[in-house]
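Numbering (the working numbering), first residue to last: -19 to 272. For reference, the structure discussed in these notes is given below.
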Ligand code: SF4
């Protein structure tokens, strides 16, 4: 369903489809008319027909199981190199990598080469021992795709929080400077830190500005609240911080407080085992001056 189609478009179709056909048997026993009706509006109807034919082949020829051999998977209707590798890794935990746009971008950046300079399959085969040195091949194949989509993004790679930046040649290169300069956005952020006398800071993984979402951050606002509530806050420092494609002008405020908003938790500024992004670590350094 996801071929040429966005996830948000696919979701309602997927839900309806899997509720109607709860298993391979019920799909294979269905009529083409019924399958196409459920697909109505999604387009590329050959995918629906292929799915129906494949369900019948799997039942009749493969005892309702997906074949293990990648070349055999590729003989199924509508299944090409990429889909066959994804299926082999996800279903049979095969040590293989499916090469899509996200994976290509990640490898081109790690090697700091252009796409036409790399033979991706050869690169994977040569480095198989390092890349697939795990029993969790299905997780690796998914993680690589997600990594390219969420961290090593086309225009705004999140290098500051990237766990493999030490091994990435692009990160230290001119190319990155050009990419980041081209997309640099100036932004002002007001950062509000609740502190307590025990050297702790209140952080949340649910910040409203959609910035470094799901990571530990203090309260952040793009615009200041009304003057009345703002009175409680003291300005500690103004400084600059660049992150991905953003050049941030930070106004850092603090207040000592026993009460913190819902969704916030206390974290030690000096010792904690949580993953703290470097954006927040810089804030730690600023507020720790208040405890000296
Ligand atoms: S350091 Fe940056 S460019 Fe390199 S892999 Fe990580 S996110 Fe991608």
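Note that beta-carbon positions come from the ideal geometry of N, C-alpha and C, so glycine has one too.
TODO: Run the proximity test for residue 150: is its beta-carbon closer than 7 angstroms to any non-hydrogen atom belonging to the ligand SF4?
DONE: yes
Open item on the list: Considering Cα atoms alone, identify which of 63, 180, 27 is closest to residue 251.
Closed with: 180
Open item on the list: For a test of your reading of the model: does the CB of residue 138 fall under 7 angstroms from any non-hydrogen atom of the ligand SF4? Yes or no.
Closed with: yes
TODO: Verify the contact flag: residue 173, CB atom, against every heavy atom of the ligand SF4, threshold strictly below 7 angstroms.
DONE: no
- [ ] Grab the span of the beta strand (DSSP E) containing residue 220 for me, first residue to last.
- [x] 214 to 223
- [ ] Inspect the beta-carbon positions of residue 261 and residue 233 and report whether they are closer than 8 angstroms.
- [x] no
Task: Ordered list of alpha helix (DSSP H) runs contained in the segment -6 to 38, each at least 4 residues - done: 4 to 8, 12 to 19
Task: Spatially closest choice to residue 59 from 39, 26, 115, by CA coordinates - done: 26
- [ ] Look up residue 183 in the DSSP assignment and say whether it is helix, strand or coil.
- [x] strand
Open item on the list: Given this structure, state the Cα-to-Cα distance separating residue 275 from residue 133, to the nearest angstrom.
Closed with: As shown, the chain starts at -19 and ends at 272. That puts residue 275 outside it, with no answer to give.
- [ ] Return yes when the C-beta of residue 130 is under 7 angstroms from any heavy atom of the ligand SF4, and no when it is not.
- [x] no
- [ ] Flag residue 124 as yes when its Cβ comes closer than 7 angstroms to any non-hydrogen atom of the ligand SF4, and as no otherwise.
- [x] no
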